[in-house]
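From first to last, the protein sequence lines are chains A and B. Sequential numbering of the first sequence, starting at 0, is according to numbering that gives the first Met the number 0. Sequential numbering of the second sequence, starting at 0, is according to numbering that gives the first Met the number 0. Okay, structure first, notes after.
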Amino acid sequence: MRLEPIANPTLPRRTLPPALALIATFAVAALLVMIAGGNPADVFGLIFKGAFGSKFALLETLNRATPLIFTGLAIAVAFRAKLWNIGAEAQLYAGAVVTVVLGTGALPLPAPILLPLIAVAAMAAGALVLFIPALMKTRFGVDEVVTTLLFNFIFLLFVSYLLEGPLKDPMGMGWPKSARLVPEARLPRIIEGLRLHWGFGLALISAAVIWVIDAKTTLGFEMRAVGQNAEAARFAGIPVTKVILKTAVLSGGLAALAGFSEVAGLKGSLTLDLSPGYGYTGIVVAMLALLHPAGVVVAALFVAAIFVGADSMSRAAGVPSYIADIMLATALLLMVLAILLTKFRVRRD
Amino acid sequence: MTGAEPAHPVLRLSDITKRFGALTANDRVSFDLARGEVIALLGENGAGKTTLMNILFGQYTADAGTVEVFGRILPPGAPRAALDAGVGMVHQHFTLAGNLTVWENIVLGAQSLTALSLKPREVKARIRDLSQRFHMKVDPDARVGRLTVGERQRVEILKALYRDAKILILDEPTAVLTPQETDALFATLREAIAQGLSIVFISHKLHEVMAISSRVIVLRHGRLVAERRTEQTSREELAALMVGAEVTAPEIRPSTPGAPLLSLAAVTTAGIGSAPGLDAVTIDLRAGQITGLAGVSGNGQAALSNLISGLTLPLSGEMRIAGQPVGDWTPRMAIGRGVGRIPEDRHRTGTIADFTLTENAILETYASQFARHGWMDWQAARAHAEEMIATYDIRCPGPDVRIRLLSGGNMQKLILGRVLETGPQIVLANQPVRGLDIGAVNYVHGRLAEARDKGAAVLLISEDLDEILRLSDVIHVISEGRLSPAFPRGTMRPEDLGQWMAGHGFEEPAHAS
Numbered sequence: 000m001r002l003e004p005i006a007n008p009t010l011p012r013r014t015l016p017p018a019l020a021l022i023a024t025f026a027v028a029a030l031l032v033m034i035a036g037g038n039p040a041d042v043f044g045l046i047f048k049g050a051f052g053s054k055f056a057l058l059e060t061l062n063r064a065t066p067l068i069f070t071g072l073a074i075a076v077a078f079r080a081k082l083w084n085i086g087a088e089a090q091l092y093a094g095a096v097v098t099v100v101l102g103t104g105a106l107p108l109p110a111p112i113l114l115p116l117i118a119v120a121a122m123a124a125g126a127l128v129l130f131i132p133a134l135m136k137t138r139f140g141v142d143e144v145v146t147t148l149l150f151n152f153i154f155l156l157f158v159s160y161l162l163e164g165p166l167k168d169p170m171g172m173g174w175p176k177s178a179r180l181v182p183e184a185r186l187p188r189i190i191e192g193l194r195l196h197w198g199f200g201l202a203l204i205s206a207a208v209i210w211v212i213d214a215k216t217t218l219g220f221e222m223r224a225v226g227q228n229a230e231a232a233r234f235a236g237i238p239v240t241k242v243i244l245k246t247a248v249l250s251g252g253l254a255a256l257a258g259f260s261e262v263a264g265l266k267g268s269l270t271l272d273l274s275p276g277y278g279y280t281g282i283v284v285a286m287l288a289l290l291h292p293a294g295v296v297v298a299a300l301f302v303a304a305i306f307v308g309a310d311s312m313s314r315a316a317g318v319p320s321y322i323a324d325i326m327l328a329t330a331l332l333l334m335v336l337a338i339l340l341t342k343f344r345v346r347r348d
Numbered sequence: 000m001t002g003a004e005p006a007h008p009v010l011r012l013s014d015i016t017k018r019f020g021a022l023t024a025n026d027r028v029s030f031d032l033a034r035g036e037v038i039a040l041l042g043e044n045g046a047g048k049t050t051l052m053n054i055l056f057g058q059y060t061a062d063a064g065t066v067e068v069f070g071r072i073l074p075p076g077a078p079r080a081a082l083d084a085g086v087g088m089v090h091q092h093f094t095l096a097g098n099l100t101v102w103e104n105i106v107l108g109a110q111s112l113t114a115l116s117l118k119p120r121e122v123k124a125r126i127r128d129l130s131q132r133f134h135m136k137v138d139p140d141a142r143v144g145r146l147t148v149g150e151r152q153r154v155e156i157l158k159a160l161y162r163d164a165k166i167l168i169l170d171e172p173t174a175v176l177t178p179q180e181t182d183a184l185f186a187t188l189r190e191a192i193a194q195g196l197s198i199v200f201i202s203h204k205l206h207e208v209m210a211i212s213s214r215v216i217v218l219r220h221g222r223l224v225a226e227r228r229t230e231q232t233s234r235e236e237l238a239a240l241m242v243g244a245e246v247t248a249p250e251i252r253p254s255t256p257g258a259p260l261l262s263l264a265a266v267t268t269a270g271i272g273s274a275p276g277l278d279a280v281t282i283d284l285r286a287g288q289i290t291g292l293a294g295v296s297g298n299g300q301a302a303l304s305n306l307i308s309g310l311t312l313p314l315s316g317e318m319r320i321a322g323q324p325v326g327d328w329t330p331r332m333a334i335g336r337g338v339g340r341i342p343e344d345r346h347r348t349g350t351i352a353d354f355t356l357t358e359n360a361i362l363e364t365y366a367s368q369f370a371r372h373g374w375m376d377w378q379a380a381r382a383h384a385e386e387m388i389a390t391y392d393i394r395c396p397g398p399d400v401r402i403r404l405l406s407g408g409n410m411q412k413l414i415l416g417r418v419l420e421t422g423p424q425i426v427l428a429n430q431p432v433r434g435l436d437i438g439a440v441n442y443v444h445g446r447l448a449e450a451r452d453k454g455a456a457v458l459l460i461s462e463d464l465d466e467i468l469r470l471s472d473v474i475h476v477i478s479e480g481r482l483s484p485a486f487p488r489g490t491m492r493p494e495d496l497g498q499w500m501a502g503h504g505f506e507e508p509a510h511a512s
């Protein structure tokens, strides 16, 4: 078997394989559901209902999508410039830590000043967390896949130390948990009475901003050039090192907003289980989205819907909610294959 | 040894037609190849030569027509069948694994490298035997990654011979070779035909076609427009047939040199990979003058090119531009100081393959000319690209086409346009016409001469002595990072330059190394 590049893929050639990948994902899941003794049609119906079936379900899905949009954007921005940021998890926690440090009464400011201030400080912290590996990459050629990945573990242990020590809630009955944010540091709800906070709005705005940066600014042009051919970019006078560092700042900042939004919008305090791996799931989201900011929003909603829906399905149908993880993994693998098939034709010799 | 037995062609193409969308790449092309014959397939870039050979080799499926080898029709779209029938193809871009040895590469694909039946000693003995028979010096145990381009090509040819190829297809085999390597290749090919092989030789270099082929087939816009016996035609006739009109090389008039615009004084640089850096090089590039730099590839040309491009700084010595010493030095500063640069590798360094023509056109000037406060002005960029398409005769579907879909010649015209558009004081042209067809070559040469006449200092780096001798007002030879004295136009014969290229005539290095 051989792959033959297609010079000018037609519209069906570009859309059919991804569509088939999604269908195949559901087919694989259906098979597993049957093995687990469930009825696939019922289970998918329950997943859908659990994700979109009621106002509560829908809001829960949107809430769950929020951190995934941020981390998905962070990964998409970095990957497009071929900066392999696997450390969105650490950057997320950096944002969360700053949110707690500044938001638990240290700054007596009104909300309209305090919230933007915390957001910017959180972004700066996340940026710094990725800036160090990026600097090591550009200066010494250290592989950022290794450094950013390992930094996740270091940072999580650091957060653990903070929650057992300096940031521990004195009123927390000994639990490793931070103090609660003051009301001025909480993200308000978008519509009063509905359980959806402004973190979701901020995520959509961020996606739009990234889209504009990509398409309209010199930085977007430079990031794409460096990602596609760093040698040609350097020759043409694009400051490659600076562009990589700027990308790191942008990517780390976006991931940190996930932490800010989760603490200030949803949880109100910091615990060690703030993120069930949003930093890693962000990679899946970004890949499913083909690294496009609008795609990130769609992919994050898809992933969130499967998780939220599977939780509620599991309670009703007795099929384990792990089915969500399997569907996601299958979708990712098949989507990567599908993307290949949009660009290449398989030929048998 | 010419095709005296037309009754038994070893290869017959009949009415091959291939369309890519609206473009007809091959239009009812038919020809026969006889035993012991060398057919040259001649045509400009995009004339359909490579498509035709890919169909013959089974990599593309023809829309109509058949390929017959030794009287049997090949199944379409099956390279394996072509290989088994005795067709061997040597691609323009090599398909070797750099981390494997020569013999492993040769066996690869024919036999499993991990098969128990594989006997390395026998394989190597056979390779040695083949390389002796065909005069190709290659060590079977050498690692391919360490070989020169010429040696790698020999491995590719050996690979085909090892599989008992009776028909060799060579796609632009000399595009990457030095003159010496080309001579060696031709000796091998002559030996191959003497031993009964048949060869299809794809090229657009007329003197090579005249030297090696027995018959010439000319393709233009996918059609077979002419067939000539080589001894009955001439370079002029072939050039006219290929382009479809009389071609005249641009006339290069003598120039009156002005002040030095770029000077190096005893500049030494670091080496690049296994290639040496510059060794105490002193040179003046003068206004209104084309300075030719001759030399075998890998003798410091890349170091000089990187230095002038802004990619590296001298380790010692001084570089001056218009009399001003250069301190800090980056590609953007080079562009800012009026240095226009045509890089050696237009695919890897000169362009970004998946960027559009517009994006590639503004790659060097986006920040200064097509953006305000960080916002891109795509409308202006697109208009600029359209202007360049017109000014530099870039044949393409439009400014939004991805650059990878352009032919090499059109890609180079874009790079040339990008360089000349800014009215550079100094033009660095590193292998500016490598792999281009005659029309594009003349075009690029004409434009470079024009830039010189407008007062630019042009540095032409080339491995093609003909090109150097024709264009240069003054010639230097580079060997192991050292520079020969300046030879004015007309004072040197090719043989004399060849001596310098081989490293003779240089004084002993001034400093102990």
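Yeah, the Cβ is synthetic: ideal placement off N, Cα and C, and Gly gets one too. Computed from a predicted model, the values in this text were never measured in an experiment.
Check: Just the Cα atoms here: how many angstroms apart are Arg11 of chain B and Asp31 of chain B?; Outcome: 4 Å
Check: Could you check if Ser512 of chain B is buried or exposed, using at least 16 other CB atoms within 10 Å of its CB as the buried criterion?; Outcome: Confidence at Ser512 of chain B is low in this model, with a pLDDT of 41, below 50, so the placement of that residue should be treated as unreliable; the coordinate-derived value is given next. Label assigned to Ser512 of chain B: exposed.
Check: Does any CB atom of chain B fall closer than 7 Å to the CB of Ala224 of chain A?; Outcome: yes
Check: What residue range does the beta strand (DSSP E) around Leu287 of chain A cover?; Outcome: Segment 277 to 287 is the alpha helix (DSSP H) holding Leu287 of chain A; no beta strand (DSSP E) there.
Check: What residue ranges within the segment 440 to 476 of chain B form continuous beta strand (DSSP E) runs of no fewer than 3 residues, ordered along the chain?; Outcome: 456 to 460
Check: Counting only Cβ pairs nearer than 7 Å, list the residues of chain A close to Met375 of chain B.; Outcome: Lys215, Thr216, Thr217, Phe220
Check: Counting only runs of 3+ residues fully inside the segment 187 to 261 of chain B, write out the beta strand (DSSP E) ranges in chain order.; Outcome: 197 to 202, 214 to 219, 222 to 228
Check: Take Leu218 of chain A and list the residues in its own chain whose beta-carbon comes closer than 7 Å to its own, dropping the five residues that flank it on each side.; Outcome: Ile212, Lys245
Check: What is the C-beta distance between Ser406 of chain B and Asn44 of chain B, in whole angstroms, given that I count them as a contact (C-beta under 8 Å)?; Outcome: 4 Å
Check: Output, in sequence order along the chain, the residues in the segment 347 to 363 of chain B whose CB is closer than 8 Å to any CB in chain A.; Outcome: Arg347, Thr348, Gly349, Thr350, Ile351, Ala352, Asp353, Phe354, Glu358, Leu362, Glu363
Check: Within this structure, are the beta carbons of Val318 of chain A and Val144 of chain A separated by less than 7 Å?; Outcome: no
Check: Taking only the alpha-carbon atoms, compute the straight-line gap between Thr147 of chain A and Gly104 of chain A and give it to the nearest angstrom.; Outcome: 32 Å
Check: Quick one: which residues of the segment 213 to 232 of chain B get their C-beta closer than 7 Å to a C-beta of chain A? List them in chain order.; Outcome: none
Check: For the beta strand (DSSP E) that Asn89 of chain B lies in, which residues bound it at each end?; Outcome: Checking the sequence shown, residue 89 of chain B turns out to be Val, not Asn. Where Val89 of chain B is concerned, the enclosing beta strand (DSSP E) stretches over 86 to 89.
Check: Taking CB distances under 7 Å as the criterion, tell me whether Glu183 of chain A reaches chain B.; Outcome: no
Check: Could you check where the alpha helix (DSSP H) with Asn359 of chain B kicks off and where it finishes?; Outcome: 356 to 360
Check: Among B:Ala333, B:Met375, B:Asp495, which has the Cα closest to the Cα of Thr421 of chain B?; Outcome: B:Ala333
Check: Less than 7 Å between C-beta atoms, sequence neighbours within five positions excluded: which residues of the same chain meet that for Leu129 of chain B?; Outcome: Leu157, Leu160, Tyr161
Check: Alpha carbon to alpha carbon, how far is Gly200 of chain A from Phe157 of chain A?; Outcome: 30 Å
Check: Looking only at C-alpha atoms, which of A:Leu333, A:Val239, A:Asp272 sits nearest to Leu287 of chain A?; Outcome: A:Leu333
Check: What does the Cβ neighbour count give for Glu121 of chain B, buried or exposed, with the cut at 16 atoms within 10 Å?; Outcome: exposed
Check: Are the C-beta of Lys17 of chain B and some C-beta of chain A separated by less than 7 Å?; Outcome: no
Check: Scan the segment 305 to 339 of chain B for residues whose Cβ lies nearer than 9 Å to a Cβ of chain A and list them as they occur along the chain.; Outcome: Ser308, Gly309, Leu310, Thr329, Pro330, Arg331, Met332, Ala333, Ile334, Gly335
Check: Should Phe349 of chain A be flagged as near chain B, meaning a C-beta pair shorter than 7 Å?; Outcome: Because residue 349 of chain A is not part of the residues shown, which for chain A are 0 to 348, the question remains open.
Check: For a cutoff of 7 Å on Cβ pairs, would you count Asn228 of chain A as touching chain B?; Outcome: yes
Check: Return the residues of the segment 65 to 96 of chain B that lie within a Cβ-Cβ distance of less than 8 Å from chain A, sorted by chain order.; Outcome: Gly76, Ala77, Pro78, Arg79
Check: Taking the alpha-carbon positions, what's the Gln58 of chain B to Ser29 of chain B distance?; Outcome: 18 Å
Check: Give every residue of the same chain whose Cβ lies closer than 7 Å to the Cβ of Phe133 of chain B, excluding the five residues on either side of it in the sequence, and list them in chain order.; Outcome: Leu160, Thr187, Glu190, Ala191
Check: Quick one, which of B:Phe69, B:Ala61, B:Asn25 has its alpha-carbon nearest Lys48 of chain B's?; Outcome: B:Asn25
Check: On the premise that Glu180 of chain B lies in contact with Val89 of chain B, defined as a C-beta separation below 8 Å, what is that separation, rounded to the nearest angstrom?; Outcome: Not a contact, Cβ separation roughly 14 Å.
Check: Rank A:Leu300, A:Gly236, A:Val284, A:Ser53 by C-alpha distance to the C-alpha of Leu309 of chain B and give the top, closest one.; Outcome: Note on residue identity: the sequence assigns Gly, not Leu, to residue 309 of chain B. Nearest of A:Leu300, A:Gly236, A:Val284, A:Ser53 to Gly309 of chain B, Cα basis: A:Gly236.
Check: Determine whether the Cβ of Ala366 of chain B lies closer than 7 Å to any Cβ atom of chain A.; Outcome: yes
Check: Does Ala207 of chain A get closer than 7 Å to chain B when you measure Cβ to Cβ?; Outcome: no
Check: Within the segment 266 to 351 of chain B, note down every full beta strand (DSSP E) run reaching 3 residues or more, in order along the chain.; Outcome: 280 to 285, 288 to 293, 315 to 320, 338 to 341
Check: Rounding to the nearest angstrom, what Cα-Cα distance links Gly87 of chain B and Gly195 of chain B in this structure?; Outcome: 14 Å
Check: Considering Cα atoms alone, identify which of B:His346, B:Arg319, B:Thr355 is closest to Val338 of chain B.; Outcome: B:Arg319
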